[in-house]
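**Q** One structure coming up, written as structure tokens, with questions to follow.
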Amino acid sequence: MSWFSAPASETQITHGARLWLYIISGLVMFFLVVPSLIVMPMSFSGSTYLEFPPEVWSTRWYGAYFESKAWMNATKTSLTVAVLTMLLATPMGTLAAYGLHVSRFRFSMYIYVVLSLPLMVPVIMIAIGVFFLYAKLGMINSISGLVLAHSMLAVPLVVVLIASGLKSYDMNQEMVARSLGASRARAFLTITLPQIRFSVITGALLAFLTSLDEVIVALFVSGGENATITRRMFNALRDQIDPTIASISTLLIAVSMLLLITAQVFGKERD
Amino acid sequence: MTAVTQETMSKELNADGLASDETRERWMVLGLCGPALFLIGIVMVVPVAWLFWLSAVGADGTLSMENYERLWQSKSYARIFLTTFQVAFVTTGICMLIGYPLTYMMAQLPRRAANIAMICVLLPFWTSLLVRTYAWLVLLQRKGLVNTWLIDAGIIDTPLRLVHNFTGNIIGMSQIMLPFLILPLYASMRAIDQDFVKAAANLGAGPFNAFWRVFLPLSLPGLFAGMLLVFVLSLGFFVTPVVLGGGRIIMVAMRIEKSISLYSNWGAASALAVVLLIMTLACLAVAAKLLKLDKSQSSSGGTEG
Chain A
1 MSWFSAPASE TQITHGARLW LYIISGLVMF FLVVPSLIVM PMSFSGSTYL
51 EFPPEVWSTR WYGAYFESKA WMNATKTSLT VAVLTMLLAT PMGTLAAYGL
101 HVSRFRFSMY IYVVLSLPLM VPVIMIAIGV FFLYAKLGMI NSISGLVLAH
151 SMLAVPLVVV LIASGLKSYD MNQEMVARSL GASRARAFLT ITLPQIRFSV
201 ITGALLAFLT SLDEVIVALF VSGGENATIT RRMFNALRDQ IDPTIASIST
251 LLIAVSMLLL ITAQVFGKER D
Chain B
272 MTAVTQETMS KELNADGLAS DETRERWMVL GLCGPALFLI GIVMVVPVAW
322 LFWLSAVGAD GTLSMENYER LWQSKSYARI FLTTFQVAFV TTGICMLIGY
372 PLTYMMAQLP RRAANIAMIC VLLPFWTSLL VRTYAWLVLL QRKGLVNTWL
422 IDAGIIDTPL RLVHNFTGNI IGMSQIMLPF LILPLYASMR AIDQDFVKAA
472 ANLGAGPFNA FWRVFLPLSL PGLFAGMLLV FVLSLGFFVT PVVLGGGRII
522 MVAMRIEKSI SLYSNWGAAS ALAVVLLIMT LACLAVAAKL LKLDKSQSSS
572 GGTEG
């Protein structure tokens, strides 16, 4: 009772008087998280269609996924591309953010804008552009083409993250190391990098996830043997609701959660 | 006397040398941007520039504006643009209406509790777009969970058509876009100096007045920036309208895809893409201006408070 009449904010409004705000907020949070979470139990349904809660629990749709050669191939492609994208985009983005941060030219702002272009241009335009380029170069349906395109999409995210990490880092530490005889590369690797590792790791995870979840570019430039899992899922969704997709979705959500938790844990460590 | 001038001169000379050394080094460090710029240049800027060129070339291979004229004259394109703007407006409106109260509450929670609430925002943000779209498809279909619940609760007798139409597309897109509104709005609300609200209350403003006349105006730049972001992303949306719209909703991005994969009509597709790009960049420019305004406002507020 006392909580209801206690002031809730600086304006002396009571918790009771703005109960509606809490209810709306709760409903919106429900709206945000429930759709993805509800797919998880449904994927363990034992029947031929999805139900909640499942009457018979089973892992048959996981079996269907793991036994399908096409899905396994697609998974292999997606994971390969995502790992390679992470390995390519993270160092590229880190170097670029470091270069911009240290050099501090007046025109650095414009380079920053160019580096974030892939975030601004509509993905569909990037996708048909890449398709056009790869068609000329004969790179359609190739792993390397997909890795380059996904890295291009992921680099801006890495740059933004590392740039914000560098902002709260004291560059003088690197100066000290260099005045004591360390080369710039050595000073960066042994002094700066360990201290911005949170941003680097988050950037790498985000690059991985960007590639793994990317649909539109993959729709245009991946196919045949090298179709990605998202491309296959998208095509399957157009036709019918295949419960196998629920099991794959659950696995993808699990990967996202795992990466989010990893990022959070490293974030805690920083404090 | 001469010794002194010599000394200062040599110092100056030395300073020149150091300055040029420093500039050279800054240029070398800037070179670290090279690989990333090269990648973005080759894989994105060149192809997009190419699309600009293709959009300005007519069927006979000469420079012409016919691709754009067709966009302007054809009724079917007008309908596509109308649908696209309708979807973007409604999605933005819904995101604003349901995102503002949640963000407002989150901004007043203690940090720890706010971080937990933030997980509810970040979880969908990190979840694959395709997975979330699929989840909505499962929830909203004829025999889906939402219809089953509504019938069990006695609210409706026959299942509603919730998917493969405008409604389904809007429900899905609102949920997918909501984090893009909440994240910038939350940052800007946290930057508002609570002393302003306290002062308003002190001077006799009731809770409603303190919110309406003090807090709300201060949060508007962040809100508009978030809304513009949602609007821009909605304009170019592809995956969700294809799956949840079920062919009844045709947006610009879907038309572009169709022009390429079905008709291989590069002129039409690239003209559409260029128009989409220009609309997007215009919105982003406005959003950037608003955020800058927000920053200068909150920093000046800080010194006054």
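Listed in order, the protein sequences are those of chains A and B. Position one of the first sequence corresponds to residue 1 (the working numbering), numbered consecutively onward. Position one of the second sequence corresponds to residue 272 (the working numbering), numbered consecutively onward. Even for Gly, the Cβ is constructed at its ideal location relative to N, Cα and C. Since the structure is predicted, the reported quantities are computational estimates derived from the model, not experimental observations.
1. What residues match up with A:T14 in a beta bridge as DSSP calls it?
2. Do A:S78 and A:L212 have their beta-carbon atoms positioned less than 9 Å apart in this structure?
3. In angstroms, rounded to a whole number, what distance separates the CA positions of B:A540 and A:T228?
4. Using 10 angstroms around the beta-carbon of A:M175, count the other beta-carbons present and answer buried if the total reaches 16, otherwise exposed.
5. Using the beta-carbon of each residue, which ones in chain A are nearer than 8 Å to B:C304?
6. Using the beta-carbon count (16 or more within 10 Å), is B:N440 buried or exposed?
7. In angstroms, rounded to a whole number, what distance separates the CA positions of B:H435 and B:G516?
8. Check whether the Cβ atoms of B:V417 and B:L400 sit closer than 9 Å, and answer yes or no.
9. Identify, in the order they occur along the chain, each residue of the same chain with its Cβ nearer than 7 Å to the Cβ of A:V81, setting aside the five sequence neighbours on each side.
10. Would you check whether the ligand MG has a heavy atom nearer than 8 Å to the C-beta of B:V557?
11. Residues in the segment 147-167 of chain A with C-beta within 9 Å of chain B's C-beta atoms, listed in sequence order?
12. Taking A:S25 as the reference, give the member of B:Y375, B:P306 and B:V300 with the closest Cα.
13. I'd like to know whether the C-beta atoms of A:L87 and A:P118 end up nearer to each other than 9 Å.
14. Helix, strand or coil: which one does DSSP assign to B:L217?
15. Can you pull out the residues from the segment 467-480 of chain B whose beta carbon lies closer than 7 Å to at least one beta carbon of chain A?
16. Mind checking B:I387: buried by the 16 CB within 10 Å criterion, or exposed?
17. If we call anything under 9 Å between Cβ atoms a contact, is A:S43 one with A:T250?
18. Based on Cα-Cα distance, which residue from B:G305, B:R461 and B:R413 lies nearest to B:A378?
19. CB-CB under 6 Å to B:F467, same chain, minus the five flanking residues each way: which ones, in chain order?
20. Can you check whether the CB of B:W407 is closer than 9 Å to the CB of A:P35?
21. Assuming B:P306 contacts A:M92 (C-beta within less than 8 Å), just tell me the rounded distance between them.
22. Taking 9 Å as the CB-CB limit, is A:T22 close to chain B?
23. For a quick check, are the C-beta atoms of B:L456 and B:A496 less than 9 Å apart?
24. What residues match up with A:S45 in a beta bridge as DSSP calls it?
25. Given this structure, state the Cα-to-Cα distance separating A:E295 from A:S222, to the nearest angstrom.
26. Assess, as a yes-or-no matter, whether the segment 286-302 of chain B is touched by the segment 124-143 of chain A under the definition of 3 or more beta carbon pairs within less than 8 Å.
27. If I follow the unbroken alpha helix (DSSP H) through B:D466, where does it start and stop?
28. DSSP three-state label for B:V328, please.
29. For B:T363, which option in B:D287, B:V503 and B:I427 has the closest C-alpha, if you only look at C-alpha atoms?
30. I need the straight-line Cα distance from B:M522 to B:L547, nearest angstrom please.
31. Less than 8 Å between the CB atoms is what I'm expecting for A:P122 and B:A524, so what's the real figure, rounded?
32. Determine the direct distance from the alpha carbon of B:N536 to that of A:W71, and round the result to whole angstroms.
33. Would a check of beta-carbon distances place A:R186 closer than 9 Å to chain B?
34. Measure how close the beta-carbons of A:L32 and B:L449 come, nearest whole angstrom, since I'm counting them as under 8 Å.
35. Rounding to the nearest angstrom, what Cα-Cα distance links A:M139 and B:V314 in this structure?
36. Which residues bound the alpha helix (DSSP H) around B:W407?
**A** Taking the structure as given:
1. Residue mapping note: residue 14 of chain A aligns to position 14 of the first sequence, counting from 1. Answer is A:P7, bridged to A:T14.
2. Taking the first sequence and counting its residues from 1, the one referred to as residue 212 of chain A is at position 212. Taking the first sequence and counting its residues from 1, the one referred to as residue 78 of chain A is at position 78. Yes.
3. Translated into the one-based positions of the second sequence, residue 540 of chain B becomes position 269. Translated into the one-based positions of the first sequence, residue 228 of chain A becomes position 228. Each residue's Cα considered, the two are about 24 Å apart.
4. On the first sequence, residue 175 of chain A is found 175 positions in, with the first residue counted as 1. With fewer than 16 Cβ atoms within 10 Å of its Cβ, A:M175 is classed as exposed.
5. The residue labelled residue 304 of chain B in the question sits at position 33 within the second sequence. Going along chain A in sequence order, the residues near B:C304 (Cβ under 8 Å) are L95, A96, G99, L100, I111 and L115.
6. For the purposes of this step, residue 440 of chain B is taken as the residue at position 169 of the second sequence. Buried, by the Cβ-count rule.
7. One-based indexing of the second sequence puts residue 435 of chain B at position 164. One-based indexing of the second sequence puts residue 516 of chain B at position 245. So the alpha carbons of these two residues sit roughly 4 Å apart.
8. Here residue 417 of chain B corresponds to residue number 146 of the second sequence, with the count starting at 1. Here residue 400 of chain B corresponds to residue number 129 of the second sequence, with the count starting at 1. Against a cut-off of 9 Å, the Cβ pair of B:L400 and B:V417 comes out as no contact.
9. Within the first sequence, residue 81 of chain A is the residue found at index 81, counting from 1. Here the set comprises I143, L146, V147, H150, S211 and T228.
10. Among the components of this structure there are no ligands whatsoever, and the ligand MG is therefore not found.
11. L148, A149, S151, M152, L153, V155, P156, V158 and V159
12. On the first sequence, position 25 is the one that residue 25 of chain A refers to. Comparing Cα positions, the closest option is B:Y375.
13. Here residue 87 of chain A refers to the residue found at position 87 when the first sequence is read from its first residue. Here residue 118 of chain A refers to the residue found at position 118 when the first sequence is read from its first residue. Not closer than 9 Å, so no.
14. Residue numbering for chain B in the displayed model covers 272 to 576; residue 217 of chain B lies beyond these limits and cannot be assessed.
15. V468, K469, A472 and P478
16. Numbered from 1 along the second sequence, position 116 holds the residue referred to as residue 387 of chain B. So B:I387 ends up on the exposed side.
17. Here residue 43 of chain A is taken as the residue at index 43 of the first sequence, counted from 1. Here residue 250 of chain A is taken as the residue at index 250 of the first sequence, counted from 1. Result yes, Cβ atoms of A:S43 and A:T250 sit closer than 9 Å.
18. Here residue 378 of chain B refers to the residue found at position 107 when the second sequence is read from its first residue. The candidate whose alpha carbon is nearest that of B:A378 is B:R461.
19. Counting from 1 along the second sequence, the entry for residue 467 of chain B is found at position 196. So the list reads V485, once near-sequence residues are dropped.
20. Here residue 35 of chain A refers to the residue found at position 35 of the first sequence. Here residue 407 of chain B refers to the residue found at position 136 of the second sequence. A contact, by the Cβ cut-off of 9 Å.
21. One-based indexing of the second sequence puts residue 306 of chain B at position 35. One-based indexing of the first sequence puts residue 92 of chain A at position 92. So it is a contact: roughly 5 Å between Cβ atoms.
22. Here residue 22 of chain A refers to the residue found at position 22 when the first sequence is read from its first residue. A small fix is needed here, since residue 22 of chain A is Tyr in this sequence, not Thr. Yes, contact with chain B.
23. Within the second sequence, the letter at position 185 stands for residue 456 of chain B. Within the second sequence, the letter at position 225 stands for residue 496 of chain B. The answer is yes: Cβ separation under 9 Å.
24. For the purposes of this step, residue 45 of chain A is taken as the residue at position 45 of the first sequence. Beta-bridge pairing links A:S45 to A:W57.
25. Beyond the ends of chain A as shown, which are 1 and 271, falls residue 295 of chain A; an answer cannot be given.
26. no
27. Sequence index remark: in the second sequence, residue 466 of chain B carries index 195 (1-based). Run containing B:D466: Q465 to N473, per the alpha helix (DSSP H) assignment.
28. Sequence index remark: in the second sequence, residue 328 of chain B carries index 57 (1-based). Of the three classes helix, strand and coil, the one that applies to B:V328 here is strand, per DSSP.
29. Locating residue 363 of chain B in the second sequence gives position 92, counting from the first residue. If we check each option's Cα against that of B:T363, B:V503 comes out closest.
30. Start at 1 with the first residue of the second sequence, and residue 522 of chain B comes out as number 251. Start at 1 with the first residue of the second sequence, and residue 547 of chain B comes out as number 276. Going from the Cα of B:M522 to the Cα of B:L547 covers about 11 Å.
31. For the purposes of this step, residue 122 of chain A is taken as residue 122 along the first sequence, with counting starting at 1. For the purposes of this step, residue 524 of chain B is taken as residue 253 along the second sequence, with counting starting at 1. That belief holds up - the Cβ atoms of A:P122 and B:A524 are roughly 7 Å apart, short of 8 Å.
32. Mapped onto the first sequence, residue 71 of chain A falls at position 71. Mapped onto the second sequence, residue 536 of chain B falls at position 265. Computed Cα separation, rounded: 32 Å.
33. What you label residue 186 of chain A is simply residue 186 of the first sequence in a count that begins at 1. Chain B, which has no Cβ nearer than 9 Å to the Cβ of A:R186, makes this no.
34. Against the first sequence, residue 32 of chain A aligns to sequence position 32. Against the second sequence, residue 449 of chain B aligns to sequence position 178. Going by Cβ atoms, the distance from A:L32 to B:L449 rounds to 6 Å, so yes, they are a contact pair.
35. Taking the first sequence and counting its residues from 1, the one referred to as residue 139 of chain A is at position 139. Taking the second sequence and counting its residues from 1, the one referred to as residue 314 of chain B is at position 43. Spanning the two alpha carbons is a distance of roughly 12 Å.
36. Here residue 407 of chain B corresponds to residue number 136 of the second sequence, with the count starting at 1. Start and end: L400 to L411.
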